[in-house]
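One structure below.
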Amino acid sequence: MQCGVLFDFDDTLVETTIHFNAAKEKFAEIMSSLNFPAAEALETLNRNDIRNVRHCGGFFKECFPRALGQTYDYYCNVNKRKSDCKLKKEIEDLGWQVYEQPAEPIENAGAVLEILYRRYPLYLATRGEPSVQNARLEQSGLAHWFKKIYVLSEKNTGAYRQIAIEQRITPQFSWVIGNSMKSDINPALRAGFRSIYIHHPHTWDYEDEEPIGGHINVESLLDILNIIC
Ligand SMILES: [Mg+2]
Numbered sequence: 005m006q007c008g009v010l011f012d013f014d015d016t017l018v019e020t021t022i023h024f025n026a027a028k029e030k031f032a033e034i035m036s037s038l039n040f041p042a043a044e045a046l047e048t049l050n051r052n053d054i055r056n057v058r059h060c061g062g063f064f065k066e067c068f069p070r071a072l073g074q075t076y077d078y079y080c081n082v083n084k085r086k087s088d089c090k091l092k093k094e095i096e097d098l099g100w101q102v103y104e105q106p107a108e109p110i111e112n113a114g115a116v117l118e119i120l121y122r123r124y125p126l127y128l129a130t131r132g133e134p135s136v137q138n139a140r141l142e143q144s145g146l147a148h149w150f151k152k153i154y155v156l157s158e159k160n161t162g163a164y165r166q167i168a169i170e171q172r173i174t175p176q177f178s179w180v181i182g183n184s185m186k187s188d189i190n191p192a193l194r195a196g197f198r199s200i201y202i203h204h205p206h207t208w209d210y211e212d213e214e215p216i217g218g219h220i221n222v223e224s225l226l227d228i229l230n231i232i233c
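Start counting the sequence shown at 5; every next residue gets the next number (our numbering).
See the structure below:
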């Protein structure tokens, strides 16, 4: 029997969605200044973003900036106005700037990892482009706590099973911790892991899914110490 603790990264250990939301807010302001319906444009943006992710087959960094440009073009089109190349580039740059934001650890992330590190092998499974995620991990100062870091294009049941096999950990005695029902909790439960869902107030609605049940809910990283230790 080998125990391990497998963490998610974005919005579990570092703030991520707040940076996307800040870009969306600036985008809404621009759309509003053009007399385009800002609230509706945000919904269109979200649909375009999700469509791009599906089309690219993963969370590639160009998906979000491209969705911003596409959404601007869409409202120019339906309002029979000419798309302004310079403004479109400014709008797409709002998306690119998200990846330049500092990877700021969530409160107590370092302290909690330090405590758990003394007891269990820690692993990290994050989704996205390796160049982006590896740089953010380095920047966060949290990378050294993990025995192995996985940057995956999709976090599904097969991926969690594969990690358990590779690391020779027994899912029934191990934990998966994350803020997404869709990418962390449900697939981990299906792979036989014990799971802790950490509520984060800003989570992309793409990550919404009905819980299949059997997980533990907590409000903060500190709470997991009461469960695992
Ligand atoms: Mg996450």
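Ideal Cβ positions, reconstructed from N, Cα and C, are used throughout, including at glycine.
query: Assigned exposure category for residue 224 - 16 Cβ within 10 Å defines buried; result: exposed
query: Residue 162 vs residue 176 beta-carbon contact at 7 Å; result: no
query: Whole-number beta carbon distance between residue 90 and residue 76, since they are thought to touch under 8 Å; result: Actually they do not touch by this definition, with Cβ atoms about 12 Å apart.
query: Through-space distance from residue 107 to residue 143, alpha-carbon basis; result: 6 Å
query: Pair within 7 Å by beta-carbon distance, residue 132 and residue 24; result: no
query: Residue 21 CB to nearest heavy atom of ligand 1 below 6 Å; result: no
query: Three-state secondary structure (DSSP) of residue 179; result: strand
query: Residue of 114, 102 and 215 minimising C-alpha distance to residue 190; result: 215
query: Any non-hydrogen atom of ligand 3 closer than 6 Å to residue 183 Cβ; result: With respect to ligand 3, the structure shown offers nothing to examine, as its ligands consist of ligand 1.
query: Meets three-Cβ-pair contact criterion under 8 Å: the segment 66 to 76 and the segment 44 to 57; result: yes
query: Cα-Cα separation, residue 122 to residue 221; result: 24 Å
query: Backbone secondary structure at residue 144 - three-state DSSP; result: helix
query: Continuous alpha helix (DSSP H) stretch holding residue 28: start and end; result: 21 to 37
query: Distance between residue 29 and residue 40 (C-alpha atoms, nearest Å); result: 14 Å
query: Touch test, the segment 77 to 84 against the segment 141 to 158, Cβ-Cβ under 8 Å, three pairs minimum; result: no
query: Residues sharing a beta bridge with residue 88, DSSP; result: In the DSSP output, where bridge partners are listed per residue, residue 88 has none listed.
query: Assigned secondary structure, residue 188 (DSSP; H/G/I helix, E/B strand, else coil); result: helix
query: Span of the alpha helix (DSSP H), counted from its first residue to its last, around residue 68; result: 67 to 82
query: Any non-hydrogen atom of ligand 1 within 6 Å of residue 16 CB; result: yes
query: C-beta contact flag for residue 129 and residue 10 at 7 Å; result: yes
query: Member of 169, 116, 98 and 58 whose CA lies at the smallest distance from the CA of residue 178; result: 169
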